[in-house]
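When we follow the working numbering, the leftmost residue of the sequence shown carries the number 22, and every step to the right adds one.
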Amino acid sequence: MSGFMDWILLAALSMLPFWEGRYTIPAAIAYGFDPLAAYLWCAAFNILACPLIFFALSVLYTKWLCNIDVIRRVYEACVRKVSSKDSRVLERWQELGLLVFVAIPVPVTGVWTATLLAWLFQLDMRKSVLVISIGVLIACTLTTLATIGVLSIQL
């Protein structure tokens, strides 16, 4: 299984929220894809989702969502909280926090959630994309190693 459409399917799955590379890689390997090729392809498309999500959030918010009172209030509350004195922890740990958040390959800690958090907290987009990308590489590496049996977790 390695036809053109199979690679397109892997790319699409790698960009889906809550699925991303951490689930696409094991599926790809199970269907006979080379582990290294699956890792590189899935990680690349998972990373590609990050700037696209930033852009989509910015456009959606400025064009439509800011006109919905509830959404605007939640967004403004997040911004106020971040800019308050209580946000020292976020200011100190924002990049490392995003990296660790994405690097741990468990559900809901992927690119989509991290990008949403970075956008809500108005973190620098370039730094956030870089840090989230490194987190994706770590998560995809751990997932690939676990899938091929190099890494195991004993409970």
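For every residue, glycine included, the Cβ atom is placed at its ideal position computed from N, Cα and C.
Values in this document were obtained by computation on a predicted structure and should not be read as measured data.
- Pairing residue 40 with residue 157, the inter-Cα distance amounts to about 13 Å.
- Counted as a single uninterrupted DSSP element, the alpha helix (DSSP H) harbouring residue 67 occupies residues 56 to 84.
- Going by DSSP, residue 161 is part of the alpha helix (DSSP H) stretching over 146 to 168.
- The distance from the Cβ of residue 88 to that of residue 161 is about 38 Å, inconsistent with a contact at the 8 Å cut-off.
- Note that the C-beta distance between residue 38 and residue 133 is below 7 Å.
- Between residue 72 and residue 150, the gap from beta carbon to beta carbon is short of 7 Å.
- In the three-state reduction of the DSSP assignment, residue 128 falls in the coil class.
- Looking at 61, 84, 138, 76, the one whose alpha-carbon comes closest to that of residue 163 is 61.
- Taking each of 98, 124, 77, 117 in turn and checking the Cα distance to residue 165, the smallest one comes out for 124.
- Taken atom to atom, the span from the alpha-carbon of residue 90 to that of residue 101 is near 16 Å.
- When the five nearest sequence neighbours on each side are left out, the beta carbons in the same chain lying within less than 8 Å of the beta carbon of residue 122 are those of 130, 134, 135, 138, 156, in order along the chain.
- Take the alpha-carbon of residue 81 and the one of residue 70: they are about 16 Å apart.
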